[in-house]
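Notes follow once the structure below has been shown.
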């Protein structure tokens, strides 16, 4: 691929190649109730879409404030004169919904959360699944949207992608972990297509598995525990775009304790499956 056709990636955490195995990498712990089929998130996920807002973390590249805001399911744009559409990945039992999906445990075989995590960090961390949350309404999703910005003379790259913003609100009476600095997020992503093919723990190559822009922070003096990601690609070459970004994002508790082999014990709580894709418009 020539330098003129290489993707320009302003995002802070767009992956490098990794390895994936199976789902046996998480050690099972005490199980919480599994959501009933048809129940939206089993009551664990609250859809509370709001306008763009600060997150307490670095702003989205190219955007004036932290989150994309709202729930924009698709956006059309032209790339090299050809109409394209970026849209949220379909979800739900009918495959038609564009809402994010709560997960008590990882389920997407393509993302392969548990084994990707174990392969990358299993020598130093013991990841133990607690089988999901015990309360209700823990994940308040305030933004889940896609966007596209067409090329201009000043900015020759076309930019597209999607973002998720979630606030953790524990149900303390039901036994959910309280908000604390030891709560951290772990995200595993799989991006495939004509521009990028990547699969790994989304940690910007650090010596721990935790996502950079998520956890305990402060927004205008209010303490919150949240997660913010806007995955995107900026591209100015000539290619037939056919891209997909899929992620499984789990709240975890870094216990500060070690197992018998000396590995740090991390409890894996509940998570969210989300993503976006780009296709030509027929």
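In the working numbering, the protein residues as written are 174 to 455. Don't be surprised by glycine CBs; every beta carbon is placed ideally from N, CA and C. This structure is a prediction, so every number in the text was calculated from the model and none was measured.
Cβ shell of residue i (< 8 Å), same chain only, five flanking positions each side left out
i, result
"residue 344", "306, 307, 308, 309, 310 and 311"
"residue 396", "352, 389 and 390"
Inter-residue Cα distance where the pair is residue i and residue j
i, j, result
"residue 257", "residue 431", "49 Å"
"residue 314", "residue 402", "12 Å"
"residue 356", "residue 444", "13 Å"
"residue 223", "residue 433", "46 Å"
"residue 372", "residue 289", "8 Å"
"residue 269", "residue 262", "9 Å"
"residue 367", "residue 416", "6 Å"
"residue 439", "residue 273", "24 Å"
"residue 301", "residue 255", "47 Å"
"residue 204", "residue 291", "Annotation note: pLDDT 35 at residue 204 (below 50); position unreliable, coordinate value reported separately. So the alpha carbons of these two residues sit roughly 20 Å apart."
"residue 383", "residue 327", "36 Å"
"residue 225", "residue 265", "25 Å"
"residue 427", "residue 376", "15 Å"
"residue 319", "residue 385", "21 Å"
"residue 349", "residue 230", "24 Å"
"residue 390", "residue 253", "41 Å"
"residue 341", "residue 370", "31 Å"
"residue 249", "residue 354", "40 Å"
Beta-carbon gap between residue i and residue j smaller than 7 Å
i, j, result
"residue 218", "residue 275", "yes"
"residue 251", "residue 323", "yes"
"residue 447", "residue 420", "yes"
"residue 333", "residue 321", "yes"
"residue 392", "residue 234", "no"
"residue 451", "residue 414", "yes"
"residue 277", "residue 243", "no"
Sheet register partners of residue i (DSSP bridge)
i, result
"residue 431", "437"
"residue 390", "397"
"residue 402", "337"
"residue 372", "363"
"residue 445", "275 and 422"
"residue 451", "259 and 416"
Close beta carbons around residue i, own chain, < 6 Å, minus the five adjacent residues each side
i, result
"residue 293", "374"
"residue 211", "Summary for residue 211: the model assigns pLDDT 34, below 50, so the residue's position carries little reliability, and this model does not support an answer."
"residue 279", "286, 287 and 421"
"residue 339", "312, 314 and 400"
"residue 271", "246 and 261"
7 Å CB neighbourhood of residue i in its chain, flanking five on each side removed
i, result
"residue 330", "181, 324, 407, 408 and 409"
"residue 436", "297, 298 and 299"
"residue 232", "238 and 239"
"residue 283", "363 and 419"
"residue 441", "199, 300, 301, 302, 303, 423 and 425"
From the options, residue whose alpha carbon lies closest to that of residue i
i, options, result
"residue 387", "271, 326, 352 and 453", "352"
"residue 405", "301, 335 and 271", "335"
"residue 246", "394, 378 and 316", "316"
"residue 449", "337, 427, 398 and 442", "337"
"residue 456", "370, 369, 361 and 365", "Because the chain is modelled from 174 through 455, residue 456 falls outside the range shown and cannot be assessed."
Minimum Cβ-Cβ distance from residue i to chain C less than 7 Å
i, result
"residue 384", "In the structure shown, chain C does not exist; there is a single protein chain."
The ligand NAD heavy atom lying under 6 Å from the CB of residue i
i, result
"residue 455", "In terms of ligand content, the structure shown is empty, and the ligand NAD therefore cannot be addressed."
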